[in-house]
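The block underneath contains the structure these notes are about, expressed in structure tokens.
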Amino acid sequence: MLDGVLKKRIDPTMDRLAAVLCRRGVGANAVTVAGLVLGLAAAATIAFGLLWAGLALLLLSRLADGLDGAVARQTRPTDLGGYLDIVFDYVFYGAIPLAFAILDPAANGLAAAVLLMSFYANGASFLAFAIMAEKRKLATEQRGRKSLFFTTGLAEASETIVTFVLFCLFPQYFAVIAYVFAAMTTWTFVSRIRLSLKSFG
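1 is the number of the first residue of the sequence shown in UniProt numbering; add one for each residue after it.
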């Protein structure tokens, strides 16, 4: 939901940072891998209870996630880059709730499981829609040029990052925040199913 608004504001800064990386010979795939490594480090740090360090690594990870696309646009976007980007995003999205479940299984375990289930369903609906859209030669640039058909929703990358930041800032409310975001993610899943009925029915 917020991605479209924030993209216009942050793209100029991302493009300038990407230009610096390009001049130093850093490729988009290297930035993507760095984002995953930072994201997994954030999850491990959170699991050990070092929430402020985890938050810093989490934000650096998402900076890398934004930069890889900007670097690709200034060099040469590839199918491999698009594939790695989406796969590594979902690994990161799963790792953070899992980290909080490990941190406090009794308080966070069920809420983390519910959130991960909503991520699983939403991710399946997103990727399956992209496959069917490609089969029908559909295209969209609602979120800029992407490697696959990008359907929007109530719960997108920006909302996910905000949620993960809230987890780190207010860990005592993890369960409440997780249930709220799981509901938002489920709403996005249901909306995408409705869109598929209109688009492919």
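Where a beta carbon is used, it is the ideal one built from N, C-alpha and C, also for glycine.
Only a predicted model underlies this, so the values are computations on that prediction, with no experimental measurement involved.
Report task. With DSSP collapsed to three states, give me the class of aspartate 85. Result -> The residue you call residue 85 lines up with position 85 of the sequence shown. DSSP, reduced to helix, strand and coil, places aspartate 85 within a helical segment of the structure shown.
Report task. Can you say whether alanine 106 is buried or exposed, counting buried as having 16 or more other CB atoms within 10 angstroms of its CB? Result -> Here residue 106 refers to the residue found at position 106 when the sequence shown is read from its first residue. Only exposed fits alanine 106, as fewer than 16 other CB atoms lie within 10 angstroms of its CB.
Query raised in the report: In whole angstroms, what separates the C-alpha of valine 26 from that of valine 33?
Result: As a working note, residue 26 is residue 26 in the sequence shown. As a working note, residue 33 is residue 33 in the sequence shown. Spanning the two alpha carbons is a distance of roughly 12 Å.
Report task. Classify valine 26 as helix, strand or coil using the three-state DSSP reduction. Result -> One-based indexing of the sequence shown puts residue 26 at position 26. In the displayed model, valine 26 falls within coil according to three-state DSSP, outside both helix and strand.
Requested in this report: Check whether the Cβ atoms of leucine 115 and alanine 178 sit closer than 8 Å, and answer yes or no.
Outcome: Within the sequence shown, the letter at position 115 stands for residue 115. Within the sequence shown, the letter at position 178 stands for residue 178. Yes, these two residues count as a Cβ contact at 8 Å.
Query raised in the report: By the 10 Å Cβ neighbour count, where 16 or more other Cβ atoms means buried, how is threonine 200 classified, buried or exposed?
Result: The count along the sequence shown starts at 1 and reaches residue 200 at position 200. Reading off the sequence shown, one finds phenylalanine at residue 200, where the question assumed threonine. A residue is called buried when at least 16 other Cβ atoms come within 10 angstroms of its Cβ; phenylalanine 200 does not meet this threshold and is exposed.
Query raised in the report: For glutamine 74, which residues of its own chain have a beta-carbon under 6 Å away from its beta-carbon, when the five flanking residues on both sides are left out?
Result: One-based indexing of the sequence shown puts residue 74 at position 74. These residues qualify, in order along the chain: Ala18 and Cys22.
Query raised in the report: Are leucine 98 and serine 61 closer than 8 Å when you measure CB to CB?
Result: Working through the sequence shown from its first residue, we reach residue 98 at position 98. Working through the sequence shown from its first residue, we reach residue 61 at position 61. Not in contact: leucine 98 and serine 61 (Cβ atoms no closer than 8 Å).
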